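**Q** Below are the structure tokens for one structure; questions will follow.
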Amino acid sequence: MENSFVLREVTLTLPMLPDMEIAASKTATAMAEFMHMSSDRIDEVRMAVVEACINSFEHSRAEDRKVYITFSVLGENQPERLQIVLRDTGVGFDPKDVARPSIEEKLKAESKRGWGLQIIRGLMDEVEISSSDQGTQIVMTKHR
Amino acid sequence: MENSFVLREVTLTLPMLPDMEIAASKTATAMAEFMHMSSDRIDEVRMAVVEACINSFEHSRAEDRKVYITFSVLGENQPERLQIVLRDTGVGFDPKDVARPSIEEKLKAESKRGWGLQIIRGLMDEVEISSSDQGTQIVMTKHR
Amino acid sequence: MSETLKLTVDRRDALAVIYTEGYINNQGGEEIAREAFKLIDDGVKILLLNLAGTKIVNSIGISILIEIIERMLEIEGKLAFCALTPTIDKTFHIMGLTLYASIYPDEDRAVTELG
Amino acid sequence: MSETLKLTVDRRDALAVIYTEGYINNQGGEEIAREAFKLIDDGVKILLLNLAGTKIVNSIGISILIEIIERMLEIEGKLAFCALTPTIDKTFHIMGLTLYASIYPDEDRAVTELG
Ligand SMILES: Nc1ncnc2c1ncn2[C@@H]1O[C@H](COP(=O)(O)OP(=O)(O)O)[C@@H](O)[C@H]1O
Ligand SMILES: Nc1ncnc2c1ncn2[C@@H]1O[C@H](COP(=O)(O)OP(=O)(O)O)[C@@H](O)[C@H]1O
Numbered sequence: 159m160e161n162s163f164v165l166r167e168v169t170l171t172l173p174m175l176p177d178m179e180i181a182a183s184k185t186a187t188a189m190a191e192f193m194h195m196s197s198d199r200i201d202e203v204r205m206a207v208v209e210a211c212i213n214s215f216e217h218s219r220a221e222d223r224k225v226y227i228t229f230s231v232l233g234e235n236q237p238e239r240l241q242i243v244l245r246d247t248g249v250g251f252d253p254k255d256v257a258r259p260s261i262e263e264k265l266k267a268e269s270k271r272g273w274g275l276q277i278i279r280g281l282m283d284e285v286e287i288s289s290s291d292q293g294t295q296i297v298m299t300k301h302r
Numbered sequence: 159m160e161n162s163f164v165l166r167e168v169t170l171t172l173p174m175l176p177d178m179e180i181a182a183s184k185t186a187t188a189m190a191e192f193m194h195m196s197s198d199r200i201d202e203v204r205m206a207v208v209e210a211c212i213n214s215f216e217h218s219r220a221e222d223r224k225v226y227i228t229f230s231v232l233g234e235n236q237p238e239r240l241q242i243v244l245r246d247t248g249v250g251f252d253p254k255d256v257a258r259p260s261i262e263e264k265l266k267a268e269s270k271r272g273w274g275l276q277i278i279r280g281l282m283d284e285v286e287i288s289s290s291d292q293g294t295q296i297v298m299t300k301h302r
Numbered sequence: 021m022s023e024t025l026k027l028t029v030d031r032r033d034a035l036a037v038i039y040t041e042g043y044i045n046n047q048g049g050e051e052i053a054r055e056a057f058k059l060i061d062d063g064v065k066i067l068l069l070n071l072a073g074t075k076i077v078n079s080i081g082i083s084i085l086i087e088i089i090e091r092m093l094e095i096e097g098k099l100a101f102c103a104l105t106p107t108i109d110k111t112f113h114i115m116g117l118t119l120y121a122s123i124y125p126d127e128d129r130a131v132t133e134l135g
Numbered sequence: 021m022s023e024t025l026k027l028t029v030d031r032r033d034a035l036a037v038i039y040t041e042g043y044i045n046n047q048g049g050e051e052i053a054r055e056a057f058k059l060i061d062d063g064v065k066i067l068l069l070n071l072a073g074t075k076i077v078n079s080i081g082i083s084i085l086i087e088i089i090e091r092m093l094e095i096e097g098k099l100a101f102c103a104l105t106p107t108i109d110k111t112f113h114i115m116g117l118t119l120y121a122s123i124y125p126d127e128d129r130a131v132t133e134l135g
């Protein structure tokens, strides 16, 4: 873990309703633009945030029907990384139980789904998931 | 006050730091787009949100250096209006003490400032301010 | 109330191009699949998805597109994509879609090579 | 770390056009004023601000522009604006800026009428 400070921090509380992932992705964009991330990297962050939101919307079964997101710009003096913590108070899951998806297998399978975490890991620089029956938290980081 | 329900509600907590009003304006845009507000009206909401943020940043002297914003889509079945409640925990002010600015007077005056509330009132459909030594709350509404 | 995807179809004998405009989510993916299956049933063997008007997708939307690939394998047809944003392109690579669907930078290039 | 405004100046004898690109906030307004005062000191009597590249402003930024109007009144010059978004246009009307500065839809129209 790099030595660093929180240079700014914004929190967003979203209802689990259709398209609300777009609101999250716009707030992420504002934070990333603020730290002068390149537009391609901003786009990657946007997509990861969308995926993390819809995972909570779809799978968490959180009773409060809410997702809590904290966007933090971290760095020593200059903004170095954007850290996004997305939390729900749902039923949780064990990430170890989630098999890595492959296109060959999905082509034969009934359900073609199961790509979200793979995409998030592919687009962000660091991803950590902690989950219990109290809920799920995903911490995603992207360097500037 | 129209009869209506909260169809969705998003809350945002922003630090009082330069350019953070842009993050607020992007979240406002997402909510307004979601309810299919016209792009010109969205732009007006955006500007009002920017003005309300910088008022809190500049004048509130809130110790927590934070602005709390709730974006609510209101309506009976369909989204009818976007209500934005912006709150700070600062020193407050008496809106009655704020004189209506005029360009003639500002042209002669030392300070050319004092346009924020006038602009917010001009761009939003309804504006209500309540303020005390516990802080300031501005409720702004724009119909779809 | 939701972001809607607009589709335009350009049918050219065995080749058809579908242009998308907007967010490819659940419904968006389903709309594309519906249109694609209609075209396939109607004899189209090569389908090009021009995503120039799509800046955002989600994994639910894209997984529906895998159904089109599956169908194309059955009929020995071909699904291809063009005009992807760098992030959508990267996502398709992450998913391995590129093993079964070609990606072209623009429509001209796609049409020439799919010819 | 902050959104920065880019300025481009096109000097044409007594007329100068300043093109802005980005957010006109505190610093943005000051940069415009600095440039404007330099041009005025240098003999420019008619200054056109082409805001085509500015989609967002705030009242702090705009109030700094009132200083330019004040100076123009002193030297009997003129400040004008063109290519405003509808919201910036509306804001200038709300403020009454239009009493002291003309607004034109585009640069051609502005230059013809200011000419
Ligand atoms: N926030 C969450 N709460 C509970 N379960 C989750 C959460 N996020 C992911 N999961 C579990 O992980 C699985 C894999 O997620 P993902 O890779 O995003 O694919 P998909 O959402 O298409 O199933 C999900 O099917 C679900 O069982
Ligand atoms: N959130 C706030 N907290 C304390 N005072 C405020 C707040 N918002 C506005 N004010 C007071 O109202 C005055 C007028 O505000 P405004 O019309 O926005 O113009 P300006 O910010 O340029 O002074 C401010 O100068 C300030 O005294």
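Line by line, the protein sequences are chains H, P, F and D.
With our numbering applied, the first sequence covers 159 to 302.
With our numbering applied, the second sequence covers 159 to 302.
With our numbering applied, the third sequence covers 21 to 135.
With our numbering applied, the fourth sequence covers 21 to 135.
Cβ coordinates follow ideal geometry from the N, Cα and C atoms, glycine included.
Predicted model, so just to flag it, every value in this text is computed and none were measured.
Between the C-alpha atoms of M21 of chain D and G97 of chain F, what's the straight-line distance to the nearest angstrom?
**A** In the fourth sequence, counting from the first residue as 1, residue 21 of chain D sits at position 1. In the third sequence, counting from the first residue as 1, residue 97 of chain F sits at position 77. Residue confidence is low: M21 of chain D scores 38 on pLDDT, short of 50, so the model does not pin down where it sits. Its coordinate-derived value is still stated next. For M21 of chain D and G97 of chain F, the distance between alpha carbons rounds to 51 angstroms.
**Q** Since I believe L240 of chain P is in contact with M193 of chain P (beta carbons under 8 angstroms), could you give me their beta-carbon distance rounded to a whole number of angstroms?
**A** The sequence position of residue 193 of chain P within the second sequence is 35, counting from 1. The sequence position of residue 240 of chain P within the second sequence is 82, counting from 1. Sure, about 6 angstroms apart at Cβ, within 8 angstroms.
**Q** Are the CB atoms of E127 of chain F and V37 of chain F nearer to each other than 8 angstroms?
**A** Mapped onto the third sequence, residue 127 of chain F falls at position 107. Mapped onto the third sequence, residue 37 of chain F falls at position 17. Taking 8 angstroms as the Cβ cut-off, E127 of chain F and V37 of chain F qualify as a contacting pair.
**Q** Tell me the DSSP secondary structure of G272 of chain P in three-state form.
**A** By one-based count along the second sequence, residue 272 of chain P stands at place 114. Note: G272 of chain P maps to coil in three-state DSSP.
**Q** Which residues, in chain order, does the region 54-73 of chain F contribute to contact with chain H at a C-beta distance below 7 angstroms?
**A** Under the 7 angstroms Cβ criterion, the region 54-73 of chain F contributes no residue.
**Q** Give the residues from the region 278-296 of chain H that approach chain F closer than 8 angstroms (Cβ to any Cβ), ordered along the chain.
**A** For the region 278-296 of chain H, which is checked against every Cβ of chain F, the residues closer than 8 angstroms are G280, L281.
**Q** Comparing C-alpha positions only, which one of D:G116, D:L35, D:L25, D:E41 sits nearest to A72 of chain D?
**A** One-based indexing of the fourth sequence puts residue 72 of chain D at position 52. Of D:G116, D:L35, D:L25, D:E41, the residue nearest in Cα terms is D:E41.
**Q** By the three-class DSSP mapping on this structure, what secondary structure does K266 of chain H have?
**A** Position 108 of the first sequence, counting from 1, holds the residue named residue 266 of chain H. Three-state DSSP puts K266 of chain H in a helix.
**Q** Which of the three DSSP states, helix, strand or coil, is assigned to G139 of chain F?
**A** Residue 139 of chain F lies beyond the stretch modelled for chain F, which goes from 21 to 135, so this question has no answer here.
**Q** Count the other CB atoms within 10 Å of the CB of P237 of chain P; is the residue buried (16 or more) or exposed (fewer)?
**A** Indexing the second sequence from 1 puts residue 237 of chain P at position 79. With 16 or more other Cβ atoms within 10 Å, it is buried.
**Q** Roughly how many angstroms separate the alpha carbons of A206 of chain H and L281 of chain H, rounded to a whole number?
**A** For this step, residue 206 of chain H is matched to residue 48 along the first sequence. For this step, residue 281 of chain H is matched to residue 123 along the first sequence. Computed Cα separation, rounded: 7 angstroms.
**Q** Compare the Cα-Cα distances from E286 of chain P to each of P:P253, P:K224, P:E221 and report the closest residue.
**A** The count along the second sequence starts at 1 and reaches residue 286 of chain P at position 128. It is P:P253.
**Q** Rounded to whole angstroms, what is the Cα-Cα separation between D198 of chain P and I95 of chain F?
**A** Here residue 198 of chain P is taken as the residue at index 40 of the second sequence, counted from 1. Here residue 95 of chain F is taken as the residue at index 75 of the third sequence, counted from 1. Whole-angstrom Cα-Cα distance: 48 angstroms.
**Q** If the cut-off is 9 angstroms on Cβ atoms, which residues from the region 101-117 of chain F count as contacting chain H, listed in chain order?
**A** Answer in chain order: T105, P106, T107, I108, K110, T111, H113, I114, M115, G116, L117.
**Q** Does DSSP put D252 of chain P in a helix, a strand or coil?
**A** Counted from its first residue, the second sequence places residue 252 of chain P at position 94. Residue state, collapsed to three classes: coil.
**Q** Anything in the region 115-135 of chain F with a Cβ closer than 7 angstroms to a Cβ of chain H? List those residues in chain order, please.
**A** Cβ contacts with chain H: M115, G116, L117, L119, Y120.
**Q** Report all residues from its chain with a CB closer than 6 angstroms to the CB of T74 of chain F; omit the five preceding and five following residues, and keep chain order.
**A** Working through the third sequence from its first residue, we reach residue 74 of chain F at position 54. Around T74 of chain F: T40, I44.
**Q** Could you tell me which residues DSSP pairs with V243 of chain H in its beta bridges?
**A** Position 85 of the first sequence holds residue 243 of chain H. Answer by DSSP bridge pairing, in chain order: H:T228, H:V297.
**Q** Is N78 of chain D close to ligand 2? I mean its beta-carbon at under 7 angstroms from any heavy atom of the ligand.
**A** Your numbering for residue 78 of chain D matches position 58 in the fourth sequence. Every heavy atom of ligand 2 is 7 angstroms or more from the Cβ of N78 of chain D, so no.
**Q** List the endpoints of the continuous beta strand (DSSP E) containing R223 of chain H.
**A** In the first sequence, residue 223 of chain H corresponds to position 65, counting from 1. Run containing R223 of chain H: none; DSSP gives neither H nor E here.
**Q** When you check each C-beta in the region 176-208 of chain P against every C-beta of chain D, which residues fall closer than 8 angstroms?
**A** Going along the region 176-208 of chain P in chain order, one finds P176, D177, E179, I180, S183, D198, D201, E202, R204, M205, V208 with a Cβ nearer than 8 angstroms to chain D.
**Q** For a contact meaning CB atoms closer than 8 angstroms, what does V168 of chain H contact in chain P?
**A** Taking the first sequence and counting its residues from 1, one reaches residue 168 of chain H at position 10. Within 8 angstroms Cβ-Cβ: L170, T171, L172, P173, M178, A181.
**Q** Given a limit of 7 angstroms on CB to CB distance, which residues of the region 251-269 of chain H reach chain F?
**A** Residues passing the 7 angstroms Cβ filter: S260, I261, K264, L265.
**Q** Chain F partners of I227 of chain H, CB-CB under 7 angstroms?
**A** On the first sequence, residue 227 of chain H is found 69 positions in, with the first residue counted as 1. The premise fails here: I227 of chain H is roughly 16 angstroms from chain F at the closest Cβ pair, so nothing lies under 7 angstroms.
**Q** Would you say R271 of chain P lies against chain D (beta-carbon separation less than 8 angstroms)?
**A** For the purposes of this step, residue 271 of chain P is taken as the residue at position 113 of the second sequence. For R271 of chain P, the answer is yes, since a Cβ of chain D falls inside 8 angstroms of its Cβ.
**Q** In three-state terms, what does DSSP make of A121 of chain D?
**A** Along the fourth sequence, read from residue 1 onward, the residue named residue 121 of chain D stands at position 101. A121 of chain D: coil per DSSP, three-state reduction.
**Q** Spell out whether any CB of chain P is found under 8 angstroms from the CB atom of I95 of chain D.
**A** To locate residue 95 of chain D, count along the fourth sequence from 1; it is residue 75. With 8 angstroms as the cut-off, I95 of chain D does not count as an interface residue toward chain P.
**Q** Verify the CB distance criterion: does G274 of chain H have a CB-CB separation below 8 angstroms to chain F?
**A** As a working note, residue 274 of chain H is residue 116 in the first sequence. Interface residue, yes.
**Q** Does the beta-carbon of F163 of chain P have 16 or more other beta-carbons within 10 angstroms, so that it is buried, or is it exposed?
**A** In the second sequence, the residue the question calls residue 163 of chain P occupies position 5. Result: exposed.
**Q** Check whether the region 176-190 of chain H touches the region 247-263 of chain H, taking contact to mean three or more Cβ pairs, one atom from each stretch, closer than 8 angstroms.
**A** Output reads no: the region 247-263 of chain H does not touch the region 176-190 of chain H.
**Q** Does D201 of chain P come out as helix, strand or coil in the three-state DSSP assignment?
**A** Mapped onto the second sequence, residue 201 of chain P falls at position 43. Note: D201 of chain P maps to helix in three-state DSSP.
**Q** State yes or no: is the C-beta of D246 of chain P nearer than 7 angstroms to some heavy atom of ligand 2?
**A** Position 88 of the second sequence, counted from the first residue, corresponds to residue 246 of chain P. Result yes, Cβ under 7 angstroms from ligand 2.
**Q** Indicate whether at least one CB of chain F lies closer than 8 angstroms to the CB of I212 of chain H.
**A** Residue 212 of chain H sits at position 54 when you count from the first residue of the first sequence. So yes, I212 of chain H belongs to the interface.
**Q** Quick check: the Cα distance between I180 of chain P and V131 of chain F, rounded to an integer number of angstroms?
**A** Mapped onto the second sequence, residue 180 of chain P falls at position 22. Mapped onto the third sequence, residue 131 of chain F falls at position 111. For I180 of chain P and V131 of chain F, the distance between alpha carbons rounds to 42 angstroms.
**Q** For the beta strand (DSSP E) holding A36 of chain F, just list the boundary residues, first then last.
**A** Stepping through the third sequence from its first residue, residue 36 of chain F is reached at position 16. That run of the beta strand (DSSP E) goes 35-41.
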